[in-house]
Structure formats: structure tokens, C-alpha cells
Amino acid sequence: MTQELRPPWDEDPDDLYEHAPCGYLTMLPDGTIVRVNQTFLTWTGYQRGDLVGHRRFRDLLSAGGQLYHETHYAPLLRLRDEVRELAFDVVCADGRTLPTVVNSMLARGPEREPRAIRAMVLDATERRRNEQELLDSRRRAEDSERRIRVLQEVVADLAAAPTEAEVAEAVVRAPESAFGAASSSIYLIDPERETIVAVASTDPTTGNWDDMPVTSSRAVARVAERGDLHVVGSLAEAARHFPDLVDNMRRSGRDTVVLLPLTTGPTEEHAGAETLGVLAFSFTGERKLSDADLSVVRLLGQQAGQALDRARLYDEARRREERVTFLAETTRALDELPRMLPRARRLLDRLVPEIADWAEVRLSVGPTGVQEERGARPPDPDMLALALARVTASGEPIFPAADEKLACAVLPLTARGRVLGTLALRRTPERGSDDHERAFLLELADRSALTLENSRLYEQERQIARTLQRSLLAGGPPGGDKRFTVETHYQAAGQDLEVGGDWFDAFLITKDRLAVVVGDVVGRGIDAATTMGQLRSAIRALSGEDVGPARLLEGLDRFVDRVESARMATVAYAEIDLVTGDLTYACAGHLPPLLQEPGGAPEYLMQARSAGLGSRAGDLRRTQETRRLPAGSRLLLYTDGLIERRSRPLDKGFELLAREFARRQDAPLQGFTAGLADTLVGRDHADDVCLLCVSLGTEERIERTIGADRMQITLLRADLRAWLVSHGVEPETRDAVLLACSEAVANSIEHGYRDDPFGMIDVVATVTADAVEVKVADRGTWRGPMTDVSRGRGLQLIRESMDQVLFDRSDGTIVTMRRAREAAA
Amino acid sequence: MTEQWVTFSKIGDAALVSLSGEIDLANSGEIGKAIVGRIRDSGKVLIDLTTVSFLDSAGVRLLDALVGDLAAQGKRARLVVGERGAARMTLRLCAFREDVLSTDRDRAAAELGG
Chain H
0 MTQELRPPWD
10 EDPDDLYEHA
20 PCGYLTMLPD
30 GTIVRVNQTF
40 LTWTGYQRGD
50 LVGHRRFRDL
60 LSAGGQLYHE
70 THYAPLLRLR
80 DEVRELAFDV
90 VCADGRTLPT
100 VVNSMLARGP
110 EREPRAIRAM
120 VLDATERRRN
130 EQELLDSRRR
140 AEDSERRIRV
150 LQEVVADLAA
160 APTEAEVAEA
170 VVRAPESAFG
180 AASSSIYLID
190 PERETIVAVA
200 STDPTTGNWD
210 DMPVTSSRAV
220 ARVAERGDLH
230 VVGSLAEAAR
240 HFPDLVDNMR
250 RSGRDTVVLL
260 PLTTGPTEEH
270 AGAETLGVLA
280 FSFTGERKLS
290 DADLSVVRLL
300 GQQAGQALDR
310 ARLYDEARRR
320 EERVTFLAET
330 TRALDELPRM
340 LPRARRLLDR
350 LVPEIADWAE
360 VRLSVGPTGV
370 QEERGARPPD
380 PDMLALALAR
390 VTASGEPIFP
400 AADEKLACAV
410 LPLTARGRVL
420 GTLALRRTPE
430 RGSDDHERAF
440 LLELADRSAL
450 TLENSRLYEQ
460 ERQIARTLQR
470 SLLAGGPPGG
480 DKRFTVETHY
490 QAAGQDLEVG
500 GDWFDAFLIT
510 KDRLAVVVGD
520 VVGRGIDAAT
530 TMGQLRSAIR
540 ALSGEDVGPA
550 RLLEGLDRFV
560 DRVESARMAT
570 VAYAEIDLVT
580 GDLTYACAGH
590 LPPLLQEPGG
600 APEYLMQARS
610 AGLGSRAGDL
620 RRTQETRRLP
630 AGSRLLLYTD
640 GLIERRSRPL
650 DKGFELLARE
660 FARRQDAPLQ
670 GFTAGLADTL
680 VGRDHADDVC
690 LLCVSLGTEE
700 RIERTIGADR
710 MQITLLRADL
720 RAWLVSHGVE
730 PETRDAVLLA
740 CSEAVANSIE
750 HGYRDDPFGM
760 IDVVATVTAD
770 AVEVKVADRG
780 TWRGPMTDVS
790 RGRGLQLIRE
800 SMDQVLFDRS
810 DGTIVTMRRA
820 REAAA
Chain Z
0 MTEQWVTFSK
10 IGDAALVSLS
20 GEIDLANSGE
30 IGKAIVGRIR
40 DSGKVLIDLT
50 TVSFLDSAGV
60 RLLDALVGDL
70 AAQGKRARLV
80 VGERGAARMT
90 LRLCAFREDV
100 LSTDRDRAAA
110 ELGG
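Protein sequences appear in the order of chains H and Z.
Position 377 (the first sequence) corresponds to 376 in numbering that gives the first Met the number 0; numbering is contiguous.
Position 87 (the second sequence) corresponds to 86 in numbering that gives the first Met the number 0; numbering is contiguous.
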């Protein structure tokens, strides 16, 4: 049981309906409005008669609302008989829209057929606004958060960017991600050249990339000068303030452009804030930037400006360090090469391509001068010649101006107050500030000049030393005496070394006494060459018929007390008595002479050794050694360059020399020393090499006794060949004699001694001016005429190659053969 | 053992036997064996004597035998020998057949080929 409470005032149900705080509508199932309350009419401004029986609810909705009504409202209502809180914008009589929320119920008849729709309409204006604001503020918060994040990232990137280029790269990406800009570009100010240069862009198809002077009227330059942010909000604005932007904006479809100076500090405090560049970014569609946006943009400008400032300082410091390193390394690299041309070439190799793409050195030295260049695209020759002449005349450098066609620096190479030549070079782009650049180039030229001047002096001294040395070694050894032959060879060290103090000498003390010397002065260059000349003269002066090597060395010891530069020089000195063949020798700290007697093994003469000249610590007791040399002996004096190698022990050098010496014992003396030097040291060697070989007498007769062994024929032939060569027997005759002699010996082995492997064969050969005579004798058995075809050929060869052949078979076989020499024939 | 006196190679499709140094009684036997072993399958043989510094009758006997054997097998051979020098002298003194001698290796090879 419910008890109805009476309200304290009369409620008129009609009034309640008409003026309820919400709109009421009753509709037929097809939506036709059949009843509506006053509240709804008041809100919408319709007359009751406009609606009832004439309009459907959906006719009052906006286009989107009608669609929603069709797709959602009506089907839901039919399905559930009730829908709640559907938002519709109702189009009012005057065209305003009224945001509403609608609740509806479908009433059905007894057969459950739809009979009427009742709808309650609430005014949602406030609510919608609240929602919108909520959405807006959320979006703003998100935007701001995104901007902060982008800015943080940019700042982090900037902190890690050590160069201008990297800073520019980090900054230029920011406007797109932070503000949704369509593209952005960055311009940097080059204070030295007073220009503004575009360095990076996210869309290089937009904008004008020409360098501009800082005084240009272009928008970028104006903003850079003012140092404050400028927003060009529309094409119209652009046309008013910065006409240069209009074309670009129109072409690339931009409506808003922001020009942000990159400053080293906040732009409000103008004092001390320097503008280093401009970041320009643009939007498609006119874009209003809020105050919050603008403050973030300004912050970006400062952060980027500071990063640029840091990078510039860092760049400059790095460049300065690189330049210092480059100069030091260049000087060191040049010092490795003492000669001028290699030095000039190395200088160019250092410059191109590392700091220049073209460079040229000209030196006005010597009869032809030096002109070397590296790199591609040499500058215009006429302009260059003009610049070179100016620099050479004035001694003042020329640096290229930006607008100059020559485009290369021409620097004087000045040393000791003289312009030695010029260094011209075209720098590769990266170079930094011009003051530093000039200072660097001048320093480079000064250092180069000094090192080239040193090499010129070196070259000069080297030339003098060579000339001196050559004059001292000239005037060949004594010749024309049949009793001896002297062969010398001097080989200068690899081309980049100074002359050494090696020398040789051979002279006749008396008509029967030959002196030979090889020595080595400590040091190199002019001093060594001069000292060598003094010692050479001293030896000639000190030698005498009754002096001998030991006393001569004592004399030299006294000499070096007066000529200090000769101290510790080494000398191998020998005298040969041309009558007896007596060799007397002594070595003062010098390598031992090498002797080869005919038929013997090579032998180093190790006696009579003492210390270098004037040695204070060494044994100065000078002794001498004498031995008799058989005719045909060869004595070799040499300096250490012949055998000393860093890569092998000295014994190996001695061993190698002895082997080569022996191997060449049959070689003619002419060219013997040169060949030896060639084999032992080759062409590229680090030390001078000096050799003297004296060959004693020539055997008038050669006598050999060999076993009946075919291998011995080869050895005999070698001896015989050398002997024939030493007598200057002409090749045709020599070959003929060798052939005949070989055949005769072969005959003895194969025929006379065919049953006697221990038989001996004597060979004696003599040479005169007219003829060569050879006698081959065995004690084998003669067995009648030979039937062997090949041995027959041997005998035939003997007869054919010699003029006279005599067979004596009285005791064994003696073949006597003679051939006239060509000169006599 | 005989490398210092004899080396083998090809010139065109001919076998090239290059002799060098002194060829005499002491080494001709060995050299001969080495050569025969190497040219067995060659239809054409060129023997280069331009760097031979001495040639005696034993060497001549070797060359004579080689050329003779090759001819008997229907193979062609040429000796290349300088216009002067020890080898030429010995061959001339032995009246070696001029038609197997040549002074130019390439020409000799061409003649063999034709």
C-alpha cells in the first residue's frame, strides 16, 4: 500500500509537461512529431504548428545526425524499445545547431506493434563544450610533451655534435618532428667572409641556396641581422616584408615561414648574444604558432646557437692542432731525403691531396731550375705566371680573393733572405678562418723554404765533394809495364748519400817497385774528400826506396797528429818488387788484402796488422810482412763497402768475396774489379766501394800436369783460357788453341791411357808475339792407327785448327801444335 | 745434374733444347742422355748453341748422333749457332752440314714449321 504524498504546492501536469527542464517529443513510429513541449520549441525557435504533423524528428537533425539516426537510433530503438544518451545536433529554426542528448522509448500496442515514440531532449551545449575543452587541453599537453621530447632529443644530439656540420644536421630535423613543419633549412654565417651559406636542408628542392652577403636584403640575412625570431604568417605578409620569399613559398606551396636566428644566448638580452646562423622552416597551410610554440622555437634557436658556437671553437682548435701536426710531420718527412729534387717531390706528395688539390714548387737553382707539380686542373698558366713573377719580385705572398679566377695561393720560398722559389697551391675547401689559414700557409712556406734551401746547400756541397774526389782519383794507375797490371774500380754509394772518403792509389816508387794503396777516411762529404786527398799525397811523399810499409805507416801516424780529420783513417798498403816478385805489405786498421796465386786458393793476408792511423787506444806498433809472389798472382785491396752488409756477418762477406774472387781467377783483369763489385754489392748500396787489383807478371809459359781424367780437361782449359786472355791472344786463335789442346788431352785419355786411369798428362804452352805453341805429352801406349771414327774426328780437329801439328810417338805420345797469331799473320 | 748445360722448353710446337757453357768429353755423354730422354715425343727439335762457349769433338759427336737419329725417325731438327764463336768454329772445322745450321732461332723455328 502506498500512500500518495501531496506536494506542498499545486502541480499542473500540463505546465509541468510544457515547461519541463527538458524537451519532450512524441512521435508516430515513422517519426512524425505529434506532440512537442514548449521547452523544445523555445530552445529551437520553432512554432508548434511547424512541427506537429509536419516534421519528423530526424528532419530536425544535421546531415551527420540524420545519417546517425538512420543507422543507429532507429534500429536500436526498434530492437530494444529504448535508447539513451544519444548525442544529436538539432538544427534550430534560425540555422544554429543545438547540441543535445536524447533518450527515447518506443511504446507498443497490445499486438506489440509500435504505436508511439517518446523522446526526451536535453540541452548538451555546456557538456559538449566541456568535452571539447578536455580534448583540447589533452591535445595541447600532448603537443607540448612531444615538443619537449623533440627538443630534448635535439639538445642531446647537439651536445654530441662536435662539428658545425653535425650541429646543422641535428638542428635541421627538429622543426618537422616538433612542430610538424613541411621542411626546414639551416644557414650559417661565415664572419670572415661576411656571407651567409646554406649548409643543410630537409628538402633541397625548395629555397634559394646561393651564398648571400650578410648585408643582403633577403629575409634570412635580415633576420640574422636583427637576431630575433620572425614568423611570416602568409603569402600576403611575405609580399609585404620579404618579397624574396614569395616565389619560393608559392612554388613549394608554403603558407607560413618561420625564420629563427641561432644565437649564442637569449635574444632579449641582446648584449653578448651573437647570431651564428638562421633556421628557416615552413608549413603548408597558414599556421598560427601559439606563445608556447614560439617560446619552444626560441629555445631551439638558443640551444642550436650555443652548440654551433661550441662546435666552431672545437673545429678551430682541431684544425689548429691538425695544422701543427701537419707541419711537424711534413718537416720530418722532408728531412728524411737529403737531396733537393726528391725533397721537393715529397713536399708536393704531402700537400696533394691532403691539403691542396693542386700544388707546384718552382726553385730558381742550377742552370735549369726545378719545376714540379701535383694534382689536377692546374690554374690558368698566364695568370699563374703573372702571380709567380709578382711574388718572386716582391717576396710577398698572394692569397686568393673569393672572386679571383686564379684561385690559388702563391707563397714565396724565402730562406736566408733570398727568394729561393715559389710554392703555389690551391686549397681543398675545408679551411676555417682566413687568418689562421694564412698563418698556416706562411708557416708551411717558411718551413719548406728552409728545408729546400738546406737540400740545395747539400746538393752544392755534394757536387763539390764529388768533383774533388773524382779529380783525386783521376790520373789512372801506372801502365805500360808488362810486369804488372793494375785495375781499379770506384763505385759511389746509392745516389742519396754524400761522398765517402774511400780512395785507392798505385804508383811506382822506383822503376822496379810498385806501391798500391786502398784507404778509407772517417766521415763523408767535402771534409772526407779533402782529407782523403791529403792522405793520398802524404803516402806518396812518405814512400821511398828504403822506407817500406811499416815506416810509412809510422810517418802517417805523425801526419794525422797535424791533420786531425785523418785520424782513425784505415790504410792497406803494399809494395811489390817487380824483379823478384816480393810483396811487402801492412794494414793499419784496414780489411786484409786478398791474394790468389796461380792454381792456388784465395788467401787473406792476415799478417802485419795494426790499428787505424793515429789511434789512441789501438796497437800502433807498425810491422810489415813479406812474401814472394809467383807470376800470375792477383792481389786485391778493397774497402769495407765491398763486403760489409748489415744483413750478414762479416765472415760471410769474407767467404763470399773469396769465392767470387776464385771463381773469376781466369777472367781477364780488365773489368775484373767492376764485375766483382757488381756481383758483391749490386747497384743500390749504402756505402762507397773502392777496389784495386794488381796482377803480377804474366806467365810466359804455362805448365800443367793433370791426371788422365776427363773432368780435368775442363779445369785445364780454364787455366789455359785465362793465360791466353792475359796475353791478349785474340779470340779466334784462343778458341782454336783451346779446342786443339782439349782434343789432344782427350786423345791421351781415351787412347793412350785407355787402360791406365792413373796416367799423367803434361801440358806446356808458350806464347810469343807471333804464335802460340802447345805441347801435350802422355806416356801411354800407342796401338797403331786409330779406327775410332770419333777420335779420328778429334785428330782432324787438331789438324784443322792449328797451323802445324807434330806427333811424336817414340815414348808415349807428344803432340806439338802451333798456331800463328792473327796480328802476325 | 745437367741443368747447367742443358735446359728444355718449347718454341711453337717444336722442342727447344738450349745448350750452354762448355760441352766437351767430360759432360757430353750425360747431356746426350738428358736430351734423348726429353725429345722422344717431339716431331721437331731445335737445338740452341748460341751460348755454348766451347765445343769439342765429343760435343760434335753428340750433335751428329742426335741429328742423325732424328732424321732416321723422319723428324726435323735444326741447330742454332752464332755466326762466330767456339761452337761455330768447331762445327765448321768438322764440316757440319750447313743445311741443319741456322743463326736465328725464330727463323729456324719457322723453317721447321714449314
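For each residue, glycine too, the CB sits at the ideal point set by N, CA and C.
Just so it is clear, the structure is predicted and the values come from calculations on it, not from any experiment.
Item                                                                                                                         : Value
Sequence-distant residues of the same chain with beta carbon closer than 6 Å to Ala514 of chain H, five excluded per side    : Phe506, Ile508, Ser542, Glu574
Nearest-angstrom Cα separation, counted from Glu742 of chain H out to Ala823 of chain H                                      : Since pLDDT at Ala823 of chain H reaches only 46, below the 50 mark, its modelled position is unreliable, and no value is offered.
Residues near Asp156 of chain H by beta carbon distance below 6 Å, same chain, minus five either side                        : Ala169
Cβ pair count under 8 Å reaching 3, the stretch 808-820 of chain H against the stretch 19-36 of chain Z                      : no
Coarse secondary structure for Gly706 of chain H, derived from DSSP in three states                                          : strand
Touch test, the stretch 119-128 of chain H against the stretch 97-109 of chain H, Cβ-Cβ under 8 Å, three pairs minimum       : yes
is_contact[Thr89 of chain Z, chain H] using C-beta, thresh 8 Å                                                               : yes
CB contact check: Asp23 of chain Z to chain H, cutoff 8 Å                                                                    : yes
DSSP state of Asp807 of chain H mapped onto helix, strand, coil                                                              : strand
For Cys689 of chain H, the three-state DSSP class (helix, strand or coil)                                                    : strand
Where Lys43 of chain Z falls: helix, strand or coil (DSSP)                                                                   : strand
Residues within the stretch 731-744 of chain H neighbouring chain Z, beta-carbon criterion of under 8 Å                      : Glu731, Asp734, Ala735, Leu737, Leu738, Ser741, Glu742
Where the beta strand (DSSP E) through Leu410 of chain H begins and ends                                                     : 408-414
Leu655 of chain H to Leu679 of chain H span [Cα, whole Å]                                                                    : 8 Å
Contacting residues, own chain, Cβ-Cβ under 7 Å from Ala616 of chain H (five flanking each side not counted)                 : none
Assigned exposure category for Tyr603 of chain H - 16 Cβ within 10 Å defines buried                                          : exposed
Residues bridged to Asn102 of chain H (per DSSP)                                                                             : H:Met119
CB contact below 8 Å: Arg60 of chain Z versus chain H                                                                        : yes
Segment contact, 8 Å Cβ cut-off, at least three pairs: the stretch 273-282 of chain H with the stretch 178-187 of chain H    : yes
Residue burial classification, Tyr637 of chain H (beta-carbon count within 10 angstroms, cutoff 16)                          : buried
When H:Leu340, H:Gly304, H:Cys740, H:Ala676 are compared against Glu452 of chain H, the one with the closest alpha-carbon    : H:Leu340
Beta carbon proximity, Ser19 of chain Z to chain H, threshold 8 Å                                                            : no
Partner residues on chain Z for Thr713 of chain H, Cβ-Cβ distance less than 7 Å                                              : Glu21, Asp23, Ala25
Cβ-Cβ distance between Ala444 of chain H and Leu410 of chain H below 8 Å                                                     : yes
Interfacial residues, the stretch 410-423 of chain H to chain Z, with Cβ spacing under 7 Å                                   : none
Neighbour list for Glu799 of chain H in chain Z, Cβ cutoff strictly below 7 Å                                                : Leu92
Glu285 of chain H beta carbon less than 8 Å from that of Leu254 of chain H                                                   : It is worth fixing the name first, because residue 254 of chain H is Asp in this sequence and not Leu. Contact: yes.
Local conformation of Trp357 of chain H per DSSP, three classes                                                              : strand
Partner residues on chain H for Asp55 of chain Z, Cβ-Cβ distance less than 7 Å                                               : Leu738, Ser741, Glu742, Ala745
Beta-carbon gap between Thr38 of chain H and His18 of chain H smaller than 8 Å                                               : yes
Host alpha helix (DSSP H) of His240 of chain H (start-end)                                                                   : 234-240
Spatial neighbours of Arg107 of chain H in its chain, beta-carbon cut-off 8 Å, leaving aside the 5 residues before and after : Asp80, Pro113, Arg114
Min CB distance Met710 of chain H to chain Z below 8 Å                                                                       : yes
Residues near Pro629 of chain H by beta carbon distance below 7 Å, same chain, minus five either side                        : Gly580, Glu596, Pro597
Burial state of Ile147 of chain H (16 or more Cβ within 10 Å)                                                                : exposed
Residues near Ser17 of chain Z by beta carbon distance below 6 Å, same chain, minus five either side                         : Thr6, Asp47
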